[in-house]
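The listed protein sequences derive, respectively, from chains W and H.
Each step along the first sequence adds one to the number in this note's numbering, with nothing skipped, and position 189 is 189.
Offset between the second sequence (1-based) and this note's numbering: plus 1000.
A virtual CB, placed ideally from N, CA and C, is assigned to each residue, including glycine.
Note that the coordinates shown come from a computational prediction; the quantities given were computed from them, not determined experimentally.
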Amino acid sequence: MPFLFRPVRGGRLLKHALLLGFGLLMLYPLLWMVSSSLKPEEIIFREPGLWPSEVTLENYSEGWTALKHSFGYYLWNSAVITGLSVVANLVACSLAAYAFARLNFPLKKLWFAIMLGSIMLPHHVTVVPQYIVFSNLDWINTIWPLVVPKFLATDAFFIFLMVQFIRTLPRELDEAAAIDGAGYWRVFLQVILPLCMPALATTGIFTFIWTWNDFFSQNLYLTNSDNLTVAVALRQFLDSSGESSWGPMFAMSIVSLGPIFGFFLAGQKYLIRGVATTGLK
Amino acid sequence: MHESMSDSVSVTPKRVLVSIPPQPGGRRRAPRVSAHRRREARTAYVFLAPWFLGLFAITVGPILASLYLSFTDFSLLEEGTWVGLDNYTKMFTEDTRFITSLKVTTIYVVVSVPLQLAFALGLALALDRGLRGLPFYRSVYYLPSLLGGSVAIAILWRKLFGADGLVNSLLALVGIDGPGWVSDPDTALGTLILLHVWTFGAPMVIFLAGLRQIPQSYYEAASVDGATRWRQFRSITLPLLTPIIFFNLVLEVIKSFQSFTQSFIVSGGNGGPVDSTLFYTLYLYLKGFKSYEMGYAAAMAWVLLLIIAGLTGVNFLASKYWVFYGDTK
């Protein structure tokens, strides 16, 4: 009997009530934005409640076409940059991580320390000369300033993440493969990488979210109205519509958060584990 | 050079042995081993090639170029000339907006980071140890951390705290006439601090992982000795968690000192009202990429680097007095 009807202590119930209430308070702004995006413009600020008294998709259709191109165009631009960044980080960071975790080479400790130091380096210290170089290369208003650095493993955080992960894999696996005649590349491609899937997933999901959310670099390098990303387009939306048309702006904000929310739901396990082991954001 | 260096780092003895065919007499072993090591080092450099290229072309080169530019009045529009320390002296003696940005950012960091970490720790403690629905609560509290940096959330914030925003319509229900939070210089920075505190989920997850490392047996022993829950928290949880608190503190200070998007969007790109949300990086951006004073912006970037390095250094020095590493005390 005690197993079925264990008395619920009042304290525990109260705790759940408080935690739920606090969670609701935290998510209230988000839920309110979702609900507002479905309300007709004129009642958004008259109704602080979550349940819309009148539901319309007008905000979405209006917001979708409010800028020079349809919002799908900007989503596509963001998707291209984000997709390339994910591929770039996966390839470049796993290559470097394998070398740091498994191979011996001169000055390894020094290079490793430099790699760790570069994680802490503020991005703004390098941005002025980078901008000058990229503008001399005529790369302003192209995706290259946003993507090429990732192919050069400049997101050193992920190298560190993967080094930590590879170190937990038993070396006997590499050695067994080496006895069977596998070289370094085959060990990397056929032994290490398949076992690294959790670390690769964490890297991919975080790269996706960070790149999708990134505003500073995209705003800096993409100024032509034909190649804006979602983040920059939303900002233009805000500028062009001023204090009016909040409904369409909320609607497009929700659309812009959709992919992040999707990745959050699909990859929670990897996100939580990644944060817990390395302190990623 | 190569041999001596590779001796100092650990090698995989088995692998080295395997690759050497058994030969009578040890005389030929040494050269074979070093040939093997050279091959390993060569391979390592091939694997590291993209990273090396990035390190020098995207990171180290620009840092040094930035240092050089900081002594010039370079702008993208015209060649710069050497001005010595002018940019630096101007910053601290003439440029009141620079001082303002430094002040605003300092207040932001000093207020929002401890608040954020306090929430993170408090909620982590509340969620710890076999609470039902932990994954659910963890996800709910963590979600804002993922979204908080986006333009969409900054837009939402601007509207939550606008003169006719959600916060004021809720306040109106209880008869309070709230100010235009984001347009009032007294409260605008407060809304950004609140936004930062709202993203406490990421450090909370780190705290949760740290709490799980503390052996349950410590608590059992303590309750056998009659320690109250508060006493257990003071004497077991808190000391053993100090390394994690320290880690979160260093990380959050570095990160929040560089906040950009939120102040840019909420203030409409100028740090207003009356520069009350003029973050350091926003001012750097305005200097470097709006008025194209790139030499000046480079000098600001170097000051930022020194500030962040200094803060991190101070954090590490101070940590000796309050961070507890199990084996040293």
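Whose C-beta lies closer than 6 Å to the C-beta of residue i among residues of the same chain, with five residues either side of it excluded?
i: residue 94 of chain W; result: 162
i: residue 39 of chain W; result: 52
i: residue 1311 of chain H; result: 1253
i: residue 1057 of chain H; result: none
For a contact meaning CB atoms closer than 7 Å, what does residue i contact in chain W?
i: residue 1261 of chain H; result: 215, 216
i: residue 1152 of chain H; result: 234, 253, 256, 257
i: residue 1062 of chain H; result: 126, 129, 130
i: residue 1144 of chain H; result: 26
i: residue 1066 of chain H; result: 125, 126, 128, 129
Under 8 Å, do residue i and residue j count as touching if we go by C-beta distance?
i: residue 1253 of chain H; j: residue 1111 of chain H; result: no
i: residue 248 of chain W; j: residue 1166 of chain H; result: no
i: residue 1283 of chain H; j: residue 1098 of chain H; result: yes
i: residue 1180 of chain H; j: residue 1201 of chain H; result: no
i: residue 1279 of chain H; j: residue 98 of chain W; result: no
i: residue 129 of chain W; j: residue 1069 of chain H; result: yes
i: residue 96 of chain W; j: residue 1051 of chain H; result: yes
i: residue 234 of chain W; j: residue 217 of chain W; result: no
i: residue 1140 of chain H; j: residue 26 of chain W; result: yes
Ignore the nearest five residues each way along the sequence and tell me which others in residue i's own chain have a CB closer than 8 Å to its CB.
i: residue 282 of chain W; result: In this structure chain W extends from 1 to 281, so residue 282 of chain W is not present and cannot be described.
i: residue 236 of chain W; result: 67, 225, 228
i: residue 1027 of chain H; result: Confidence at residue 1027 of chain H is low in this model, with a pLDDT of 48, below 50, so the placement of that residue should be treated as unreliable; the coordinate-derived value is given next. If we look at residue 1027 of chain H and ignore the five residues flanking it on each side, it has no Cβ neighbours.
i: residue 1330 of chain H; result: As shown, chain H starts at 1001 and ends at 1329. That puts residue 1330 of chain H outside it, with no answer to give.
Taking Cβ positions only, does residue i come closer than 8 Å to chain H?
i: residue 221 of chain W; result: no
i: residue 118 of chain W; result: yes
i: residue 45 of chain W; result: yes
i: residue 64 of chain W; result: no
i: residue 37 of chain W; result: no
i: residue 53 of chain W; result: no
i: residue 95 of chain W; result: yes
i: residue 59 of chain W; result: no
i: residue 165 of chain W; result: no
i: residue 19 of chain W; result: yes
i: residue 246 of chain W; result: yes
Using a Cβ cut-off of 7 Å, pull out every chain H residue sitting near residue i, in sequence order please.
i: residue 268 of chain W; result: 1139
i: residue 297 of chain W; result: Limits of chain W in this structure are 1 at one end and 281 at the other, which puts residue 297 of chain W out of reach.
i: residue 184 of chain W; result: 1043
i: residue 153 of chain W; result: 1050, 1051, 1054
Distance cutoff 8 Å, beta carbons only. Does residue i sit that close to anything in chain W?
i: residue 1159 of chain H; result: yes
i: residue 1022 of chain H; result: Reliability fails at residue 1022 of chain H, whose pLDDT of 47 lies under 50, so the model's placement of it is uncertain and the value that follows must be treated cautiously. Taking Cβ atoms only, chain W never reaches closer than 8 Å to residue 1022 of chain H, which makes this a no.
i: residue 1041 of chain H; result: yes
i: residue 1182 of chain H; result: no
i: residue 1229 of chain H; result: no
i: residue 1302 of chain H; result: yes
i: residue 1322 of chain H; result: no
i: residue 1095 of chain H; result: no
i: residue 1246 of chain H; result: no
i: residue 1147 of chain H; result: yes
i: residue 1312 of chain H; result: yes
i: residue 1169 of chain H; result: yes
i: residue 1254 of chain H; result: yes
i: residue 1027 of chain H; result: Unreliable placement is indicated for residue 1027 of chain H, whose pLDDT of 48 sits below 50; no coordinate value is reported for it.
i: residue 1330 of chain H; result: Any question about residue 1330 of chain H goes unanswered here, given that chain H covers just 1001 to 1329.
Quick one: which chain W residues come within Cβ less than 9 Å of residue i?
i: residue 1117 of chain H; result: What residue 1117 of chain H touches in chain W: nothing, since even the nearest Cβ is about 13 Å away.
i: residue 1265 of chain H; result: 215, 234, 235, 238
Which bits of chain H does residue i rub up against, with CB to CB less than 8 Å?
i: residue 198 of chain W; result: Within chain H, no residue comes near residue 198 of chain W; the closest Cβ sits about 15 Å away, beyond 8 Å.
i: residue 276 of chain W; result: 1205, 1206, 1208, 1209
i: residue 23 of chain W; result: 1137, 1140, 1141
Once you ignore the five residues that flank residue i on each side, which residues in its own chain have a CB closer than 7 Å to its CB?
i: residue 1025 of chain H; result: Low confidence applies here, because residue 1025 of chain H scores a pLDDT of 46, under 50, leaving its location unreliable; read the following figure in that light. Nothing listed; no residue qualifies.
i: residue 1319 of chain H; result: 1246
i: residue 32 of chain W; result: 50
i: residue 1256 of chain H; result: 1108, 1109, 1112, 1113, 1196
i: residue 166 of chain W; result: 97, 98, 101, 102, 192, 196
i: residue 1205 of chain H; result: 1138, 1142
i: residue 253 of chain W; result: 33, 234
i: residue 1182 of chain H; result: 1158, 1161, 1162, 1188, 1191, 1266
Using a C-beta cutoff of 8 Å, does residue i count as contacting chain B?
i: residue 1124 of chain H; result: The structure shown contains no chain B; its protein chains are W and H.
If the cut is a Cβ gap below 9 Å, which residues of chain H does residue i touch?
i: residue 121 of chain W; result: 1059, 1063, 1305, 1308
i: residue 272 of chain W; result: 1135, 1138, 1139, 1142, 1205, 1208, 1209
In chain W, which residues lie with their C-beta within 8 Å of the C-beta of residue i?
i: residue 1258 of chain H; result: 122, 123, 124
i: residue 1166 of chain H; result: 29, 32, 45, 48
Please indicate yes or no: does the CB of residue i lie closer than 7 Å to some heavy atom of the ligand GTP?
i: residue 1150 of chain H; result: Absence of the ligand GTP is noted for the structure shown, with no ligands found whatsoever.
Practice task
Compile a chain-ordered list of the residues in the stretch 1044 to 1057 of chain H whose CB is closer than 9 Å to at least one CB of chain W.
Solution key: 1044, 1045, 1046, 1047, 1048, 1049, 1050, 1051, 1052, 1053, 1054, 1055, 1057
Exercise for the section: Check distances from the C-beta atoms of the stretch 66 to 77 of chain W to those of chain H and list, in chain order, the residues that come in under 9 Å. Expected result: none
Practice task
Anything in the stretch 1281 to 1296 of chain H with a Cβ closer than 7 Å to a Cβ of chain W? List those residues in chain order, please.
Solution key: 1281, 1284, 1288, 1289, 1294
Exercise for the section: Determine which residues of the stretch 1071 to 1088 of chain H have a Cβ less than 9 Å from any Cβ of chain W, and write them out in chain order. Expected result: 1074, 1076
Handout entry: Residues of the stretch 96 to 110 of chain W with Cβ closer than 7 Å to any Cβ of chain H, in chain order
Key = 96, 98, 99, 103, 104, 105, 106, 107, 108, 109
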